[in-house]
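Remember, my numbering sits 865 above the position in the sequence shown when you count from 1.
Where is the CB? At the ideal position from N, CA and C, for every residue including glycine.
Okay, so here's the structure we're looking at.
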Amino acid sequence: MEWKYNFIPLVFLIFLSIIISITTSLNESQSIDDIISKYILKYESKNGNLANNNNNNNNNNNNNNNNDNFIRNINNSLYKNNNINIWVYFNEKIIKNDIESINFINEKSKNRRLVRGGNNLINNNKNNNLIDEKDYPINQKYIDEILKIGNENNSTIMTERKRSKWLNSVSFSLKINEEMLPSDQSCPNKLKEILQFIDSKDFVDKISIVNQLHIPNSKQIENGILNIQQQQQHQQQQQQQQQQQQQQQQQQQHQQQQQIGENYEDNDNDDGNIDGSNESTIFDGIDYGKSYSQLNQIKIPEVHKLGYKGNGTIIMIIDTGFLKNHESLNGLKIHGERDFIEKSDNTESGGLKQISHGTFVLSQIAGNKPGKIIGVAPHAEFVLAKTEIVSEETPIEEDYLIEAIEWGESIGTDVISISLSYTDNYQYWDRDGSSPLSRAIDIATDKGIVAVVASGNDGEIGVGPPGDSKLAITVGAVDGFGDIATFSSYGPTSDGRLKPEVSAKGVLCFGADDSHIDSYRFTSGTSHATPLIAGSVALIIEAHPNWTPKQIKEVLLKTASQSQSPDNFKGFGIADVLSAINGQPSIESTTETNDNCQSNGGIFINNKCICSQNSSSTVEDPCSLKTRCSFVCSFNKGKCSEYDCFRCLDPKTKEESNGREKCQPISDINQENPNLSNLSKIKFPLFLIMSLIIFKIVI
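Below, the structure is given as structure tokens:
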């Protein structure tokens, strides 16, 4: 009768596999439905505002066999010149011992991987190459079969856009030829048919949409800068009033001293910097000009005095374009450049507006015009990548950036500076580090690159990808007095992780203006705090070339201004690059302990896993405590999970307990630490425990 007992775990395993299969199928269906909804919204909202009705119908019919009927009567004329860009992810690679397929990695990249790369790299003894599975090319047969499906007849046209070896995925552009469809079939209906056919292939893992970013319109930017300037003027007025009071007191003291026959000298005050400070712009014989304030706040002049100016490091800037003949960039050392929009090696094309932002950012790091501007790392080499289209009508596609990151890594980049934040197409509850761009950032970090990204200029709307990356250094903005900028996006991420992690000056920063080769200007944004930290990382690498990205991040954060009490506004505070260079990473910062901490969303500081403000976790249970889901989630129209107390969810999500306890109301949590709770620990389901016990007894 022993077979009866053996049959019990078998039944359970079959039952479990059915549940997993159903769940997977529902997730795949939901992914396709999301793509269809965005497709409908993109075209129908422009012509008759039909999208909302169709989306509602779609949601109401998700599990109906006649799910496609709701779109059959849509007027296909709305979809003239339509197209949609999708990611197709593959579930495997055919790994061959083919040296030629990975020869694109240059010696600088190999050396960086060897010295600062993660432990997951494989040493290929045949060519002394450090590679992993992500470096191998995508199976061409899979790509060809997808293209065959998308171009099966005249009703659809599919073309390949970009490839990501790291993500094992390809982005495709798909157009439905509305004129060739049968009278009873709509464009969304045809799109769904194609996507379901692609998704049914056994080599396809999943499908998702290629998300986009729209540059904020000029009115928003002007209003934002105006508000910042008004705040700055108010601060200056307060300081001037204080100075006037001090001068009056000094005059009174002077008169009193004259009366008693004592000599007294009153020091003259110069105009100083725009932020109201009266400090000299000359340090160690170098005139930093109006860039002194933004550099001095993070101790860069003192680091320059030690001789560190970026020598031997390679910094990649991903931005709009670059006016390379600006006087501040005289002597600029370019390691490589590429325009990923026009597919050329010239990053200066597109007119002045197209190169404005990139030129300013580049000058903050590479500038070298004494008396006017000195950059953070003027002696570094630079990789210039043009991925942004400066237009209110033209969106930026995330696959451009991923292609740029993979290319930059292959030619030896040490530091990546990204001043983008994708909040337009990612809802707050999606910003948990799982986006394609954030995952690419994490992979680059594993390969030895330090990625420095902007938190964004959206305040309470929150940090968007790639700032939600688990391994990136995300940067917030402060003003010249060290106060948080009102526009600076703050955390936590939707899964409760602390963001941003460090801050630098982002209000009225000084840099090169693209209107003329000798013009300059002030501007604001986390976009301009980010290059200050990226350049600082290059200086740390110059001083400590063997430190890994995790060690560099740890030292930078633990020496910042509020490292003992981090928060979701400034993170660990304003960077102190001098202290970081003179500091040391933790003893265990290169061990599995650190990896376990960071993979669970923590930051390894002084041999502790810091997971949120006022919280550290044990080595055995990293990040069981994170930032409690609350205001930021509800403000962004999400809902806090009933069972995972740190997670913000899509408001349409239906939760099941799966053996978990409900979260304790915030009012009931210890008032000393209102943002934290440890109630998200998942209890192992009772039926699974019993099944495992039975299985163990039988064995």
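_For the segment 1163 to 1170 against the segment 1188 to 1205, do three or more pairs of beta-carbon atoms, one drawn from each stretch, fall closer than 8 Å, so that the two count as touching?_
no
*asked:* Let me check understanding here. Comparing Cα to Cα, which of Lys1006, Ile1308, Gly1390 and Glu1253 lies closest to serine 1320?
replied: Gly1390
*Label phenylalanine 1068 either buried or exposed according to how many other C-beta atoms from any shown protein chain fall within 10 Å of its C-beta, with 16 as the threshold for buried.*
exposed
*Express the C-alpha separation of proline 1365 and aspartate 1441 in angstroms, rounding to a whole number.*
16 Å
*Measure the CB-CB distance between histidine 1393 and glycine 1371 and report whether it falls below 7 Å.*
yes
*List the whole-angstrom C-beta distance separating valine 1367 from glycine 1436, where the pair is believed to meet the contact cut-off of C-beta under 8 Å.*
5 Å
_Spatial distance of cysteine 1505 from proline 1301 (CA atoms)_ = 24 Å
_Across the segment 1413 to 1432 and the segment 1259 to 1269, are there enough close Cβ pairs to call them in contact, namely three or more that are closer than 8 Å?_
no
*Apart from the five residues on each side of it in sequence, which residues of its chain come closer than 7 Å, Cβ to Cβ, to arginine 1296?*
Gly1327, Val1328, Gly1329, Pro1330, Asp1333, Thr1358 and Ser1359
_Check for me: the beta strand (DSSP E) holding valine 980 runs from which residue to which?_
Here valine 980 belongs to no beta strand (DSSP E); instead the alpha helix (DSSP H) covers 972 to 981.
*Are there 16 or more other CB atoms within 10 angstroms of the CB of lysine 1030, so buried, or fewer, so exposed?*
buried
*Output yes or no for whether 7 Å exceeds the beta carbon distance between glycine 1223 and isoleucine 1230.*
no
_Out of Ile960, Tyr908 and Arg977, which one is the CA nearest neighbour of glycine 1273?_
Arg977
_One question on the structure: do isoleucine 1281 and isoleucine 1314 come within less than 7 Å of each other, judged by their Cβ atoms?_
yes
*Determine which residues share a DSSP beta bridge with tyrosine 954 and list them.*
Ser1034 and Lys1071
*Check tyrosine 1385 in the structure and name its three-state DSSP category.*
strand
_With 16 other Cβ atoms within 10 Å as the buried cut-off, status of asparagine 1322_ = buried
*Return the bridge partner residues of phenylalanine 1247 from the DSSP annotation.*
Ile1180 and Ile1199
*Using a threshold of 7 Å, state whether the C-beta atoms of asparagine 1016 and methionine 1023 are closer than that.*
yes
*Per DSSP, serine 1368 is paired with what?*
Gly1341 and Ile1439
_DSSP bridge partner residues for asparagine 1233 (one or two, in chain order)_ = Ile1239
*Would you please verify whether the beta carbon of arginine 1028 is less than 7 Å from any beta carbon of chain C?*
The structure shown contains no chain C, having only a single protein chain.
*When DSSP builds the beta bridges, which residues end up paired with cysteine 1476?*
Its beta-bridge partners do not exist; DSSP assigns none.
_Contact between the segment 1168 to 1183 and the segment 1399 to 1409 is defined here as three or more beta-carbon pairs at a separation below 8 Å; is this criterion met?_
yes
*From lysine 1057 to isoleucine 1270, what does the alpha carbon distance come to, in whole angstroms?*
31 Å
*Excluding five sequence neighbours on each side, which residues of the same chain lie with their C-beta closer than 6 Å to the C-beta of tyrosine 944?*
Tyr908, Glu1043 and Cys1052
*Between the Cα of asparagine 1176 and the Cα atoms of Ala1242, Thr1146, Gly1150 and Tyr1293, which residue gives the shortest distance?*
Ala1242
_In the DSSP output, what is leucine 1039 paired with across the bridge?_
Ile949 and Met1023
*Specify, as a first and last residue, the run of the alpha helix (DSSP H) that alanine 1394 falls within.*
1391 to 1408
_If contacts are defined as beta-carbon pairs under 8 Å, then serine 896 and asparagine 950 qualify, I think. What distance do you get, rounded to the angstrom?_
Not confirmed; about 15 Å, so no contact.
*Since serine 1275 and serine 974 are thought to touch, with beta carbons under 8 Å apart, how far apart are those beta carbons, to the nearest angstrom?*
6 Å
*Should isoleucine 1179 go down as buried or exposed, given a rule of 16 or more other Cβ atoms within 10 Å for buried?*
buried
_Close beta carbons around asparagine 1019, own chain, < 7 Å, minus the five adjacent residues each side_ = Asn1042 and Met1045
*Cut-off 8 Å between Cβ atoms - residues of its own chain near threonine 1021, not counting five sequence neighbours on either side*: Gly1015, Leu1039, Lys1040, Ile1041, Asn1042, Lys1055 and Ile1059
*Might you give, ordered along the chain, the residues of its own chain that have their beta carbon closer than 7 Å to the beta carbon of aspartate 933, omitting 5 neighbours on each side?*
For aspartate 933, the predicted model reports a pLDDT of 45, less than 50, meaning its position is unreliable; a value from the coordinates is still stated below. Cβ within range, chain order: Asn1054 and Lys1057.
*asked:* Whole angstroms are fine: how far does the CA of glutamine 1077 sit from the CA of arginine 1026?
replied: 14 Å
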